[in-house]
Amino acid sequence: MVASEEIRRMVAELLSEQLFAVLSTQGEDKLHSVLVAFAPAADMRQIIFVTPRSTRKFENIQKHNYVSLFIDNRKNDITDLQRLIGVEARGEVEEIDAGDRSYYRELFLAKFPHFNWFVESPGNAILGIKVQRYDVVHHFQNVTVLEML
Amino acid sequence: MIYSIGHIPAEQSASCGAKAMVLDNLQKMAIRIPLDGMVLSTELYRVFVDYSGLQADISLALETKELKEMRWEEVWDLSQKIRHRFLKTPFPESVQQQLLDQLEPLMDSALVIRSSSVFEDSQGSSFAGMHDSIVNVRGAASVLNAVKEVWSSLWSDRALIYFKELNLRVEDSAMAVVVQKFIEGEASGVCFTENIQSPDHLLIETVPGLNEGLVSGTVTPDRITVERQSGRVLEWLRQERTHEARPAGQGIQRVEVAASKSAVPLSEANIRDIAAMGFRLEQKFGGAQDVEWTLSGGALYLLQSRPITVLQRDETPLWQMDDKRAWYRTLHVSYDRLLEIKQEIQEHYFPELERTALKLAAVNLDSLDDQQLEEEIQRRRELFEKWEHTYWDLFIPFAHGSRLFGEVYNRVIQPDSPFEFIELLSHEQMESLRRNGELKRLGERLDSYPQAHTVEKLPLELQVELNQFMENYGDAAFFDTRLFKDMNQLVQLARRLSKTAALKENDHKGQMEKRAQLENSFLSAMQALGRDDGPGLLELARISYRLRDDDNLQVSKIQGEYLRVRDEQARRQGDVGDTARKTPVQREIPGKTSTPEDEPRASQGIAREQSMKAFGVVAGQDIRVKPRQITGTSASEGIATGRARVIENAEDLFEVQPGEILVCDSIDPTITFVIPLVAAIVERRGGMLVHGAIIAREYGIPCITGIPKATKAFQTGEVLTVDGFLGIVTVLGDYTSQ
């Protein structure tokens, strides 16, 4: 049994270690999934990513701002099952206000220092998912929910 | 990948394991060992597991739950799953051909297939006995199976509980195998070149026939003490024996011998030879040796040699020690010892238990003054503790007879499921099932008096029947509580049970037919191997399976009698007067449910549990952790959805409603009277052969065992789905809308 503090730490480590995750958004009548580079806030309540405004995901978010982000540590190796973790973060996503932009820009660049050009590109937006819950799949079929109170 | 012993290239020493390298050395020293031995290096193991995809299977089996959290029974189950996969996986054709070609010079003899662990190389014999060796193997098919079996013993339950010390890892652990001619000795034994108790002496233990009887402890050895310096025999403690180990078809059997013919055919010259060989080995390997030998046709053969390991321990029983792993290792009781225990239990212990319980129940506590009552408490406490020791020393080891059968069954039949053998053991007439049947019949009789809400309002004859039930089962205990002390509670429960379906006759008939079919297959397969101990093994396993349930009920009666006298004392002192109102954790006596079998992890001593909460709000984080889906062991198949009823004390048992999911820490036969009511069982205690699993199969309901902290993970009233095929419990309720 993974203790509650241990599972929180497990998720925090995964968020910190993994560079990319699958973001799922909802269009008018279709779902859309895409890889994004992401950076978590230290308290795990917010996850930051950057996207051009011209993308389908950005367009979808304007209409439906409830998204799902799937992060995992797979290596595509069958013997890797013992350490495989998959986490779905769910919550509402919003564009970061100009006032907070500097803080979240630094947060993102701390993890991706070589993405400065991408963050600074005028057509791009910094977005933040306010995470409501994490569904954590570990030890093959165990699922534990972390609700952000 | 395959080398001749005596010619192992130096660069291959690491891949051939300790046993092979010792034998290689001995052959070079011209010490007589079985000739033409071969070693299959770890490389061959790797080819096999890589080619077959077994690595993924092992990885998946190990993934579902952390080893450090498993009880030994769960580890045994896990080991069976892995080992079963080895046996069911065919050799790649080219590997098989290569193997048989190279072993060709040995194939006209009976063989011994031995594990040669790479790990033991660096650790001496501390971990000896972790892996298997198979004696008297004949024919290509049996040899191939035996090689797979020895490989699979890398993942034996004994090895898995020491996984950390053995550095056991799917990706880089491997096993080498020694193949030698089988030597049928007229006398065999072990020689400790230095007696731990008196270092000036060398000690030989010897039996007529093969060593297997000595190693398993079922054939009493002669003990010969030799003065190291002079080589003089100082003492020869001779024993009369009734049995010795002899080869039988394939494998070994214990055969009866007349006491008058049970002397070890060993001369003083032989003893001198054994001692001399021991001293040579000491010199070669640089320390006292534990030498296994056999005498065949007057010639002395060395079978193996390893450093003597001194195990220091105090007098505490193994099952009471913090690290229970040494105790778990003792649970591999030999067939012969199990036969002895069976006789002891059936002829002595069970009748005495029953007599004791009856005698205690007959004591009129009202007639005792306070001083006498105090003495009675003391007497009963001592009695209970005595029986509890017997429970752990004899009853629990005997219960593992069904596992021994399972291992033989899986080896001989190689069934599709490693747990098929349980089908042959189920449906025995257990005391708990008789009790449940009586309770249901009582309930049906009570239905004729729906207005009688208390016992006093029932007709006298029904009151007598209820009293009779109470006499038979009334003082069974759960935690520190006598279960049926409140007759009105019993009446309500019986009424509820009357509405439940009886064990279905049709299903039962089908199950019995299947059981007969499997029984025939097993007995025929054993006969084909030249083994005539099939019926005995099966009978032993069935008794073991049944007594696993019955012994709990019997010992529980003694515990209940102890609680009865305690209740009487409390009543006189104007105290609460009811052990039922004490919380279960405030235990004053070491009841069965608090004893080591229930400790959650087989690997205690490696990782003791941290006092962290499994669920709830993470301290200082405002994050609530809730289970959505938890995986355990599928112990009885089926799928059910219902409201959870979490059992934390005896009172909860009487609240169980039809169709609920019973969630509990561990099920004892004393509480299985509620099982006919429930739709499924979820239990913290893990294993395929625990009480919860046994009773669930009898009633045909799903059961999942080994759910960590089950009573904390779920709450009474939550809707759960229990998938007894996959071993998954899912919390529904408010999650279904999301």
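For the protein sequence lines, the chains are A and B, in the order given.
Numbering of the first sequence is given in our numbering, commencing with residue 5 and proceeding in unit increments.
Numbering of the second sequence is given in our numbering, commencing with residue 22 and proceeding in unit increments.
We put the beta carbon where it would ideally sit given N, CA and C, even for glycine.
Using a Cβ distance threshold of 8 Å, VAL68(B) and GLN76(B) do not count as a contacting pair. By the CB criterion at 8 Å, LEU425(B) and LEU359(B) fall inside the cutoff. The Cβ atoms of GLY299(B) and LEU223(B) sit closer than 8 Å to each other. Nearest to ILE295(B) by C-alpha distance, out of GLY272(B), PHE306(B), GLY319(B) and SER283(B), is GLY319(B).
The Cβ atoms of THR85(B) and THR732(B) do not sit closer than 8 Å to each other.
Distance check between SER655(B) and each of ARG462(B), THR726(B) and GLY663(B) places THR726(B) closest, using alpha-carbon atoms only. Within chain A, the C-beta atoms nearer than 7 Å to that of GLN642(B) come from ARG12, in chain order. In the structure shown, PHE505(B) adopts coil according to DSSP, grouped into three states.
Scanning its chain for C-beta atoms nearer than 6 Å, with the 5 sequence neighbours on each side dropped, one finds around TYR66(B) the residues TRP172, ALA195 and MET196, in chain order.
Judged by DSSP in its simplified three-state form, ASN188(B) adopts coil rather than helix or strand. The beta strand (DSSP E) runs lying completely inside the region 358–382 of chain B and spanning 3 residues or more number zero.
In this chain, the beta strand (DSSP E) harbouring ARG666(B) covers 660–668. Across the region 83–104 of chain B, CB contacts with chain A closer than 7 Å involve LEU83, GLU84, THR85, LYS86 and GLU90, in sequence order along the chain. With the rule of 3 Cβ pairs closer than 8 Å, the region 164–184 of chain B does not count as touching the region 210–229 of chain B.
In terms of beta-carbon proximity, THR29(A) stays away from the interface with chain B, with every pair separated by 8 Å or more. Closest option to ARG666(B), judged by alpha-carbon separation, among ALA734(B), PRO648(B) and LEU710(B): ALA734(B). Counting along the chain, the unbroken beta strand (DSSP E) around ALA93(A) starts and ends at 89–99. Relative to the Cα of PHE416(B), the nearest Cα in the group ASP344(B), ALA279(B), SER281(B) and ASP570(B) belongs to ASP570(B).
Of the candidates GLY127(A), GLN22(A), GLY132(A) and GLN30(A), GLY127(A) places its Cα closest to the Cα of SER58(A).
With a cutoff of 8 Å on beta-carbon distance, PHE419(B) and ILE329(B) are scored as not near each other.
Using beta-carbon distances, ILE749(B) counts as an interface residue toward chain A, with a partner under 8 Å. Under the Cβ criterion of 8 Å, GLY637(B) is counted among the residues facing chain A. Excluding residues up to 5 positions away in sequence, TYR356, PHE426 and VAL429 lie with their Cβ nearer than 7 Å to the Cβ of LEU558(B) in the same chain. For the region 62–81 of chain A, the set of residues with a beta-carbon nearer than 9 Å to any beta-carbon of chain B is empty. By the criterion of a C-beta distance shorter than 8 Å, GLU233(B) is surrounded in its chain by VAL156, ALA266 and ILE273, once the five residues flanking it on both sides are discounted.
Within chain B, the residues placing a beta-carbon under 8 Å from that of GLN145(A) are THR85, GLN650, THR652, LEU747 and ILE749, ordered along the chain. Residue environment for PHE24(A): exposed (fewer than 16 other C-beta atoms within 10 angstroms of its C-beta). DSSP places LYS461(B) within a helical segment (H, G or I) once states are collapsed to three. The beta-carbon of ARG645(B) is placed less than 8 Å from the nearest beta-carbon of chain A.
Contact with chain B is absent for THR55(A), since none of that chain's Cβ atoms lies less than 8 Å from the residue's Cβ. Around the C-beta of GLU94(B), 16 or more other C-beta atoms lie within 10 Å, and the residue is accordingly described as buried.
With a threshold of 8 Å between beta carbons, GLU151(A) makes contact with chain B.
Looking at the DSSP output, HIS142(A) sits in a beta bridge with ILE89(A) and ASN146(A). Per DSSP, reduced to three states, the secondary structure at LEU181(B) is helical. By the criterion of a C-beta distance shorter than 8 Å, ILE292(B) is surrounded in its chain by ILE225, ILE245, VAL247 and VAL254, once the five residues flanking it on both sides are discounted. Inclusion of VAL703(B) and ILE722(B) in the CB contact set at 8 Å is not warranted, their separation being larger than that value.
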